[in-house]
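Peer 1: Sharing a structure here in structure tokens format.
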Amino acid sequence: MTATINTTDPAEIAKFEAMAAEWWDPQGKFKPLHMLNPCRLDYICSQIAAEFDRDLAGERPFAGLRILDIGCGGGLLCEPMARLGAEVVGVDAAAGNIPVAATHAQQSGLEIDYRHGTAEALVDEGERFDVVLNMEVVEHVADPLAYLTACHDLLKPGGLMVCSTINRNPKSFAMAIVGAEWVMRWLPKGTHDWAKFITPDELFDLIARAGLEPVDRKGFVFNPVTWQWRLSARDLSVNYVTASTRAA
Amino acid sequence: MDNPAAGSIFPGMTKRSDILITGGGLNGPALALALSRAGFSVTVIDALPRPAREAGGFDGRSYALALASQRLLANLGLWTDLADRAQPMLEIKVSDGRPGEGPAPFFLHFDHAEIEEGPMGYMLEDRFLRRALLAAMEAAPGVTHLAEETVVSQEATEAGIAVTLASGTRLEGGLLVGCDGRSSGTARRAGIRRQGHGYGQTALVCAIAHEKPHHGIAHQFFMPSGPLAILPLPGNRSSIVWSERDAAAREIQALDAAEYLAALRPRFGDFLGDIALEGDRFTYPLSLSLAERFVAPRVALVGDAAHGLHPIAGQGLNAGLRDVAALAQVLGEARRRGEEPGALPVLERYEQWRRFDTAALAMATDGFNALFSNDSPILRIGRDLGMGLMSRLPRLRRGFIREAAGLTGELPELMRG
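Protein chains in written order, with the numbering used here: chain A, 1 to 248; chain B, 1 to 417.
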């Protein structure tokens, strides 16, 4: 189900372009993602560079790596990975995102393989990757262990999974649901179900049960004064990210 | 980055670089150097002919480099050759004065011994800095210097920006950075409006040779007509920056050398002994000119193009170099994480970083000047008391020294020691 933009209806193309513009507008609907993105990318890039011994200052440092982004949306992670030289597949369960992401990649002059589907479907197709990006997805799935097992199956031996999600405690309820959804209106109400949030220990346990080895975890911490996110080694109380590897 | 210097549809007619820079003065070359080190290909479009940038005679212009700016030059590999040419500023003395009266009894004294980082800054002649930057820029990998070229049009698209030069050459890049001064054509063509006002004052700038040594001490006298700075140059020479009301400045500038010196002499007394002019005399009308935005799609502004400040505290070049270091860092970080360096979300990080500092500095210099350029007896007494108070409060004074050295705020990596 590889998606190239094969629609010939100009109205459809215009709609996709408008939606791509919306995804990529830093002040628009996806502002919270744009604010978090540099911090997420810093973590992802440094983990990939460390795992595969790449120099981020060089030209196309991720050349030769095959990277999957699950829940790719408008391509906010896929495009940077492609720009760094990786062969990128972006998958999203929402079919509408696929032509939107493909339209923007074309505007950016990047080649990215966007597909409508799920991690489980890719396993069935026999796909394998060096890196699986699993960002802000696990808190939305019905069966996290089954989902993480699919992520494991998608990795080549020696592969790396980066997985981020939201902690479950009173502070994360206040920040992610009351703050982000009700007060700031960063996200539509009902985006998150607090009961599905996962603590770092629970996530590490699930990752291990899925057959991967958890190797690192860091917090994403929002500073309301500088209006910026940063990585923290200690504060994993709300948003956090993990790295795990599949045995070589 | 992607396809450095790769031709597009008409090879040989359109040249592509990651980043285009307008302005070949000081900020433009410094930015080109910093970006080259971060792995970008850069083209610098300079309106002046190359010999003008290379000229080696002393023309009387020099800069007070804050410590942070000196560190930037050191981190760009320029300081080794410049160190011998530069005069460290070891102390700064600030006092209130009126012509013929000498300094008021209370004056502020900032000594570098009170902060641990070293001298508060350095005085460096324009010719040395300009030539060092030109040579380093031309030797830097991936940097092209186009002398005697001006931009006639620029067009931002979703994927980048195209620029047409007066010669007909077409350039393409992911980003166009305007280092083209307070009447920035880059800003105007991008539709960025400016706010500002004149101060009714003009800075008279010259260099003098003097009989007695300056001991590395910079002086700032607040005269009713405007501030007068005496800044130490290597040897028995100093740079003078002298503000007068516009009409008075015009009259003084029209004087011959002997009359000019006669006008200057009583303003700071005779503590440097006999004085003589060196190099040319310059005038700069003082005005504040702030761009409403520092960025636009595929465009960023640096230095006076973003914020032409009143040069009362000598912070114009220092603020510009701080922009250079901040922009180079933001773009370098974006490149390493695979973001598109010219994309608006990336540029807005630079704007956010620099706008706050700039607005604060503009307001502070504006207020400082209004307070000091005044002969009201009440303000004068207040000033003297304030200075006396500050002289007695070491912590407040240390804060001032660190501010003058450019060590406050969030320092870009290139300016850290």
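The beta-carbon is built from N, C-alpha and C at its ideal position, and this holds for glycine as well.
What ranges does the beta strand (DSSP E) occupy inside the stretch 94-158 of chain A, keeping only unbroken runs of at least 3 residues that lie completely in it?
Peer 2: Entirely contained in the stretch 94-158 of chain A, the beta strand (DSSP E) runs reaching 3 residues are, in chain order, 113-116 and 129-135.
Peer 1: Counting pairs of Cβ atoms below 8 Å between the stretch 78-95 of chain A and the stretch 105-119 of chain A, do you hit three or more?
Peer 2: The answer is yes - the stretch 105-119 of chain A touches the stretch 78-95 of chain A, with three or more Cβ pairs under 8 Å.
Peer 1: Identify which residue in B:G39, B:L72 and B:D46 has its Cα closest to the Cα of A326 (chain B).
Peer 2: Reading the second sequence from its first residue, position 326 is the one you call residue 326 (chain B). Nearest option by C-alpha distance: B:L72.
Peer 1: Per DSSP, G417 (chain B) is paired with what?
Peer 2: What you label residue 417 (chain B) is simply residue 417 of the second sequence in a count that begins at 1. None; G417 (chain B) has no bridge partner.
Peer 1: Given 8 Å as the limit, is there contact between the stretch 172-190 of chain B and the stretch 62-79 of chain B, that is, 3 or more CB pairs closer than that?
Peer 2: No, the stretch 172-190 of chain B is not in contact with the stretch 62-79 of chain B.
Peer 1: Which residue wins for smallest C-alpha separation from N318 (chain B), given the options B:G121, B:G332, B:Y199 and B:A136?
Peer 2: Within the second sequence, the letter at position 318 stands for residue 318 (chain B). Answer by Cα proximity: B:G121.
Peer 1: For M81 (chain A) and chain B, any beta-carbon pair shorter than 8 Å?
Peer 2: Translated into the one-based positions of the first sequence, residue 81 (chain A) becomes position 81. M81 (chain A) counts as touching chain B.
Peer 1: Just reading off the alpha helix (DSSP H) that Q27 (chain A) is part of, what are its end residues?
Peer 2: Stepping through the first sequence from its first residue, residue 27 (chain A) is reached at position 27. Where Q27 (chain A) is concerned, there is no enclosing alpha helix (DSSP H), given that its DSSP letter is neither H nor E.
Peer 1: Is there a Cβ of chain B sitting closer than 8 Å to that of S164 (chain A), yes or no?
Peer 2: Here residue 164 (chain A) refers to the residue found at position 164 when the first sequence is read from its first residue. No - not a single Cβ of chain B is within 8 Å of the one on S164 (chain A).
Peer 1: Apart from the five residues on each side of it in sequence, which residues of its chain come closer than 6 Å, Cβ to Cβ, to Y147 (chain A)?
Peer 2: As a first step, residue 147 (chain A) is located in the first sequence; it is residue number 147 there, counting from the start. Once the five neighbours on either side are set aside, the close Cβ partners of Y147 (chain A) are V141.
Peer 1: Report the three-state DSSP secondary structure of V163 (chain B) (helix, strand or coil).
Peer 2: Here residue 163 (chain B) corresponds to residue number 163 of the second sequence, with the count starting at 1. V163 (chain B) falls in the strand class under three-state DSSP.
Peer 1: Is it buried or exposed for N223 (chain A), if we count other Cβ within 10 angstroms and need 16 for buried?
Peer 2: Taking the first sequence and counting its residues from 1, the one referred to as residue 223 (chain A) is at position 223. N223 (chain A) should be labelled exposed.
Peer 1: So, with DSSP's three-state summary, where would you put H34 (chain A)?
Peer 2: Start at 1 with the first residue of the first sequence, and residue 34 (chain A) comes out as number 34. Of the three classes helix, strand and coil, the one that applies to H34 (chain A) here is helix, per DSSP.
Peer 1: Thinking just about the alpha-carbon of each residue, which of B:E292, B:A207, B:A140 and B:E155 is nearest to the one in I192 (chain B)?
Peer 2: Mapped onto the second sequence, residue 192 (chain B) falls at position 192. Nearest of B:E292, B:A207, B:A140 and B:E155 to I192 (chain B), Cα basis: B:E292.
Peer 1: Is there a Cβ of chain A sitting closer than 8 Å to that of E348 (chain B), yes or no?
Peer 2: Walking along the second sequence from the start, residue 348 (chain B) turns up at place 348. True, the Cβ-Cβ gap to chain A drops below 8 Å.
Peer 1: In chain A, which residues lie less than 9 Å from E339 (chain B) when you measure between Cβ atoms?
Peer 2: By 1-based counting over the second sequence, the position of residue 339 (chain B) is 339. Within 9 Å Cβ-Cβ: N37, P38, L41, E79, P80 and R83.
Peer 1: Select from A:P99, A:V123, A:I70 and A:E136 the residue whose C-alpha is nearest the C-alpha of A176 (chain A).
Peer 2: By one-based count along the first sequence, residue 176 (chain A) stands at place 176. Comparing Cα positions, the closest option is A:E136.
Peer 1: Just to confirm my understanding: we take A187 (chain B), look at its own chain, exclude 5 residues before and 5 after, and list those with CB closer than 6 Å. What are they?
Peer 2: As a first step, residue 187 (chain B) must be located in the second sequence, where it is residue number 187. Cβ neighbours of A187 (chain B) beyond the five flanking positions: G178, A291, L301 and A305.
Peer 1: So P224 (chain A) contacts chain B; which residues on that side make the cut at Cβ distance below 9 Å?
Peer 2: Position 224 of the first sequence holds residue 224 (chain A). Result: empty, since nearest Cβ-Cβ is about 14 Å, beyond 9 Å.
Peer 1: Taking E292 (chain B) as part of the alpha helix (DSSP H), name the residues at either end of that continuous run.
Peer 2: As a working mapping, residue 292 (chain B) is identified with position 292 in the second sequence. Neither: E292 (chain B) is in no alpha helix (DSSP H) and is coded neither H nor E.
Peer 1: If we require 4 or more residues per run, which alpha helix (DSSP H) segments fall completely within the stretch 217-292 of chain B?
Peer 2: Entirely contained in the stretch 217-292 of chain B, the alpha helix (DSSP H) runs reaching 4 residues are, in chain order, 246-254 and 257-268.
Peer 1: Please report the distance separating the alpha-carbon of R298 (chain B) from that of L171 (chain B).
Peer 2: The residue given as residue 298 (chain B) occupies position 298 in the second sequence. The residue given as residue 171 (chain B) occupies position 171 in the second sequence. In a straight line, the C-alpha of R298 (chain B) is about 14 Å away from that of L171 (chain B).
Peer 1: In chain B, which residues lie less than 7 Å from P26 (chain A) when you measure between Cβ atoms?
Peer 2: Translated into the one-based positions of the first sequence, residue 26 (chain A) becomes position 26. What P26 (chain A) touches in chain B: L344, P345 and E348.
Peer 1: Could you compute how far the alpha carbon of V256 (chain A) sits from the alpha carbon of G211 (chain A)?
Peer 2: The requested residue 256 (chain A) is not part of the displayed model; chain A covers only 1 to 248.
Peer 1: Report yes or no: is there a C-beta of chain B within less than 8 Å of the C-beta of A57 (chain A)?
Peer 2: As a working note, residue 57 (chain A) is residue 57 in the first sequence. For A57 (chain A), the answer is yes, since a Cβ of chain B falls inside 8 Å of its Cβ.
Peer 1: Pull up the distance between the alpha-carbon of D124 (chain A) and that of F220 (chain A), whole angstroms please.
Peer 2: Within the first sequence, numbered from 1, the residue matching residue 124 (chain A) stands at position 124. Within the first sequence, numbered from 1, the residue matching residue 220 (chain A) stands at position 220. Answer to the nearest angstrom: the Cα atoms are 33 Å apart.
Peer 1: Against chain B, with Cβ distances strictly below 8 Å, would A63 (chain A) count as a contact?
Peer 2: Residue mapping note: residue 63 (chain A) aligns to position 63 of the first sequence, counting from 1. Closer than 8 Å: no.
Peer 1: With burial defined as no fewer than 16 other Cβ atoms inside 10 Å of the residue's Cβ, what is the status of L250 (chain B): buried or exposed?
Peer 2: Counted from its first residue, the second sequence places residue 250 (chain B) at position 250. Contrary to the premise, residue 250 (chain B) reads as Arg rather than Leu in this sequence. The residue is exposed, with fewer than 16 neighbouring Cβ atoms inside 10 Å.
Peer 1: Below 8 Å on the Cβ atoms is my guess for L165 (chain B) versus P119 (chain B); work out the distance and round it to an integer in Å.
Peer 2: Mapped onto the second sequence, residue 165 (chain B) falls at position 165. Mapped onto the second sequence, residue 119 (chain B) falls at position 119. Incorrect: roughly 42 Å between the Cβ atoms, too far for contact.
Peer 1: Grouping DSSP H, G and I as helix and E and B as strand, with all else coil, what is G90 (chain A)?
Peer 2: Indexing the first sequence from 1 puts residue 90 (chain A) at position 90. Correct three-state label for G90 (chain A): strand.
Peer 1: Determine, using beta-carbon pairs with one atom in the stretch 325-339 of chain B and one in the stretch 22-42 of chain B, whether at least three such pairs fall under 8 Å.
Peer 2: Yes, the stretch 325-339 of chain B touches the stretch 22-42 of chain B.
Peer 1: On a CA-only basis, which of B:L124, B:G185 and B:A55 is nearest D84 (chain B)? Give me that one, please.
Peer 2: Along the second sequence, read from residue 1 onward, the residue named residue 84 (chain B) stands at position 84. Nearest C-alpha to D84 (chain B): B:L124.
Peer 1: If we call anything under 8 Å between Cβ atoms a contact, is R131 (chain B) one with G56 (chain B)?
Peer 2: Here the question's residue 131 (chain B) lines up with position 131 in the second sequence. Here the question's residue 56 (chain B) lines up with position 56 in the second sequence. Result yes, Cβ atoms of R131 (chain B) and G56 (chain B) sit closer than 8 Å.
Peer 1: Residues in the same chain with beta-carbon distance under 6 Å from E87 (chain A), minus the five sequence neighbours each way, listed in chain order, please.
Peer 2: Working through the first sequence from its first residue, we reach residue 87 (chain A) at position 87. Excluding sequence neighbours, E87 (chain A) sits near R66.
Peer 1: When you check each C-beta in the stretch 8-39 of chain B against every C-beta of chain A, which residues fall closer than 9 Å?
Peer 2: Under the 9 Å Cβ criterion, the stretch 8-39 of chain B contributes A38 and G39.
Peer 1: Whole angstroms is fine: what's the gap from L231 (chain B)'s alpha carbon to D111 (chain B)'s?
Peer 2: To locate residue 231 (chain B), count along the second sequence from 1; it is residue 231. To locate residue 111 (chain B), count along the second sequence from 1; it is residue 111. If I take the Cα positions, the gap works out to 15 Å.
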